[in-house]
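Residue numbers (the numbering used here): 96 to 581.
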Amino acid sequence: MFATVAIASLFASCSNSDDFVAPQVTSEDVDSGDALVPIKIGVNQGVEASVTRGANTGTGTVGGIGTGTNNWYGQLINVYMFHKGTLTLATEKVKNKTTNQTEVVPIFDKQLMVTPGSTKNLIDGTPAPQGQAMVYDPTGTNNAEIKYYPQMGNYDFFGYHLSNAKTTGPVLNAAGNAMEADFVIDGSHDLMSERAVQLGTWPDGSNKTRFFSSYSARRDVHPNLDFKHLLTRLHFNIKAGDENAAGVVAGVQPDPYSDDSYTGIFVESIEIFSRTTGKLVVAWTADAEIDSINGSPITDDQKVRANKIKWDDLVFDPANPSDDANTCGWVKLMQRPDPTDPTADPDPSEQLVDLVHVAPKYNKTGATPEEKFPLTSVGEALIVSKPVAITTNSDNNEATGIKGDGSGNQYYMRISVSQLVKSNHNNTSLVSKPFATIVPVEIKDTEFKLGYSYDVNITLYGAEEIKVNTTIAPWESGDPIPMVIE
96 MFATVAIASL FASCSNSDDF VAPQVTSEDV DSGDALVPIK IGVNQGVEAS VTRGANTGTG
156 TVGGIGTGTN NWYGQLINVY MFHKGTLTLA TEKVKNKTTN QTEVVPIFDK QLMVTPGSTK
216 NLIDGTPAPQ GQAMVYDPTG TNNAEIKYYP QMGNYDFFGY HLSNAKTTGP VLNAAGNAME
276 ADFVIDGSHD LMSERAVQLG TWPDGSNKTR FFSSYSARRD VHPNLDFKHL LTRLHFNIKA
336 GDENAAGVVA GVQPDPYSDD SYTGIFVESI EIFSRTTGKL VVAWTADAEI DSINGSPITD
396 DQKVRANKIK WDDLVFDPAN PSDDANTCGW VKLMQRPDPT DPTADPDPSE QLVDLVHVAP
456 KYNKTGATPE EKFPLTSVGE ALIVSKPVAI TTNSDNNEAT GIKGDGSGNQ YYMRISVSQL
516 VKSNHNNTSL VSKPFATIVP VEIKDTEFKL GYSYDVNITL YGAEEIKVNT TIAPWESGDP
576 IPMVIE
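Dropping the structure here:
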């Protein structure tokens with residue numbers, strides 16, 4: 096069994112800004128500056144999870160690989176609105192419907208907003224305009240609520256995505272320069288956070304320092320959350336290395352999922368050793384040095400992504416691998432809900448479910464080994480930290496300890512497979528033979544990068560019966576040994 100890694104593509108971000116729906120304003124609005132201007136937030140990639148399924152299971156990858164399928168699908172994001180350059184929430188005055196008193200409340204305080212691409216949870220089933228997030232209401236009665244800019248002041252917008260990861264916060268850090276949310280991830284959570292950048296072109300003669308504000312919005316300059324993935328994505332494919340692994344008999348592969356005569360391999364689970372706990376920086380001021388230093392932008396994209404996650408110190412108890420005190424461990428590959436299951440929702444914003452075993456494919460008419468044993472995709476994908484170095488036991492199927500951060504070019508993968516094999520020489524019954532092993536997943540001449548997706552292609556070979564041949568050799572004549580006895 097061996098695994099190869101191919102870089103599928105950068106899956107960092109792909110803007111839908113060309114489809115952004117700008118607010119409709121008149122020349123009178125622009126000239127007078129008196130009209131209330133709605134806040135419209137552009138989005139391009141990334142988001143918060145569905146909340147309708149099991150606790151703390153993520154929704155997997157947000158968006159696709161490259162540009163073709165890199166779209167929203169009605170996921171949720173959380174949004175903050177602060178006075179520019181601070182972490183002081185922007186506020187508005189509203190009338191309490193119960194007390195009839197005027198109250199001062201935040202405009203966006205980790206506000207849930209729904210993204211385009213689905214009619215779910217949107218008023219009258221109308222989807223959000225492409226490239227635009229709208230305020231979310233779980234009751235479905237007022238989720239198209241409009242928020243307005245104050246008539247004075249400039250503001251910052253931050254958005255973040257935790258994909259339903261177990262979390263607390265966000266809270267202000269000790270230095271007072273960042274909002275941070277504790278998280279626990281399991282390989283199904285796609286973490287992201289971003290400061291809004293400008294979307295739109297300033298008209299000639301505009302004061303280009305006045306953003307984001309009612310002034311900038313009247314000139315069609317809006318906040319855009321250009322989300323980028325902060326973890327590494329591993330997508331797995333399997334292929335049979337021979338006909339035995341594919342369960343081929345007399346040139347035919349019985350249907351692995353419905354024919355009891357299939358004797359090939361099933362992949363039962365795939366796991367990667369990864370960090371699992373830390374803090375996501377969801378909003379920050381300049382002195383936090385997340386995306387700039389002394390006012391100058393950090394140009395190293397990988398450094399900016401790394402700055403947004405503060406990982407906990409490595410802790411792993413091999414005797415209790417599921418202990419909540421562990422900050423790293425095995426994360427298990429999951430899959431999208433089965434669209435043929437009437438109780439499941441195939442919506443990509445829904446949470447993932449446990450992996451159902453997968454068999455390699457066989458194409459009898461294939462002219463080459465690649466065509467005869469094609470790659471078969473397994474599960475959704477694993478979204479993980481940078482590599483962690485581990486030690487293993489003599490059987491090479493358990494982690495016995497951690498050595499620290501890995502070299503950057505090698506993950507540790509644990510794969511479990513099973514195969515039906517003969518239980519006796521009369522071939523009267525078959526038994527399932529389970530097997531698990533830890534193998535390195537390496538990439539040559541570079542390191543695994545944050546925000547990149549990699550294909551891990553695994554070749555499997557079937558179990559072979561142990562056969563021991565015995566022969567007997569004739570005695571050979573040795574040289575005589577002279578002995579003299581006196």
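Even for Gly, the Cβ is constructed at its ideal location relative to N, Cα and C.
Can you check whether the C-beta of residue i is within less than 9 Å of a C-beta belonging to chain B?
i, result
"residue 203", "Among the chains of the structure shown, chain B does not appear; only one protein chain is present."
Sorted by chain position, which residues of the same chain lie with C-beta nearer than 6 Å to residue i's C-beta, five sequence neighbours on each side aside?
i, result
"residue 358", "342 and 515"
"residue 59", "Here the chain has residues from 96 to 581 only, and residue 59 is not among them."
"residue 351", "357 and 454"
"residue 399", "386 and 393"
"residue 281", "426"
"residue 273", "376, 379 and 383"
"residue 486", "495 and 496"
"residue 201", "184 and 186"
Helix or strand or just coil, what does DSSP make of residue i?
i, result
"residue 556", "coil"
"residue 381", "helix"
"residue 243", "strand"
"residue 539", "coil"
"residue 349", "coil"
"residue 472", "strand"
"residue 464", "helix"
"residue 329", "strand"
"residue 171", "strand"
"residue 446", "coil"
"residue 284", "coil"
"residue 422", "coil"
"residue 529", "strand"
"residue 305", "coil"
"residue 411", "coil"
Leaving aside the five residues before and after residue i along the sequence, list all residues of the same chain whose C-beta is less than 8 Å from its C-beta, in chain order.
i, result
"residue 347", "459"
"residue 289", "141, 253, 254, 255, 320, 321, 322 and 323"
"residue 190", "196, 197 and 198"
"residue 263", "276 and 277"
"residue 532", "96, 491, 492, 509 and 510"
Mind reading off the beta-carbon distance from residue i to residue j? Whole number of angstroms is fine, and I expect it under 8 Å.
i, j, result
"residue 183", "residue 177", "6 Å"
"residue 323", "residue 546", "6 Å"
"residue 551", "residue 330", "7 Å"
"residue 407", "residue 422", "4 Å"
"residue 426", "residue 479", "6 Å"
"residue 171", "residue 207", "5 Å"
"residue 477", "residue 404", "No, residue 477 and residue 404 are not in contact; Cβ-Cβ is about 17 Å, not under 8 Å."
"residue 410", "residue 401", "The pair is not a contact, with the Cβ atoms about 20 Å apart (cut-off 8 Å)."
"residue 495", "residue 488", "5 Å"
"residue 249", "residue 301", "About 13 Å separates the two Cβ atoms, so there is no contact after all."
What residue range is occupied by the uninterrupted alpha helix (DSSP H) comprising residue i?
i, result
"residue 401", "396 to 402"
"residue 312", "309 to 313"
Mind checking residue i: buried by the 16 CB within 10 Å criterion, or exposed?
i, result
"residue 266", "exposed"
"residue 373", "buried"
"residue 556", "exposed"
"residue 247", "exposed"
"residue 245", "buried"
"residue 210", "buried"
"residue 391", "exposed"
"residue 388", "exposed"
"residue 383", "buried"
"residue 377", "buried"
"residue 251", "buried"
"residue 227", "buried"
"residue 291", "buried"
"residue 529", "exposed"
"residue 499", "exposed"
"residue 285", "buried"
"residue 502", "exposed"
"residue 340", "buried"
"residue 180", "exposed"
What residue range does the beta strand (DSSP E) around residue i cover?
i, result
"residue 277", "273 to 279"
"residue 317", "317 to 320"
"residue 370", "360 to 370"
"residue 484", "483 to 487"
"residue 457", "First-last for residue 457: undefined, no H or E at that position."
"residue 500", "494 to 500"
"residue 136", "136 to 138"
"residue 294", "292 to 294"
Go through its chain and collect everything with a Cβ distance to residue i's Cβ below 7 Å, but skip five positions before and after it.
i, result
"residue 311", "305"
"residue 303", "297"
"residue 337", "556 and 557"
"residue 469", "334, 456 and 458"
"residue 397", "544 and 545"
"residue 363", "452, 511, 512 and 513"
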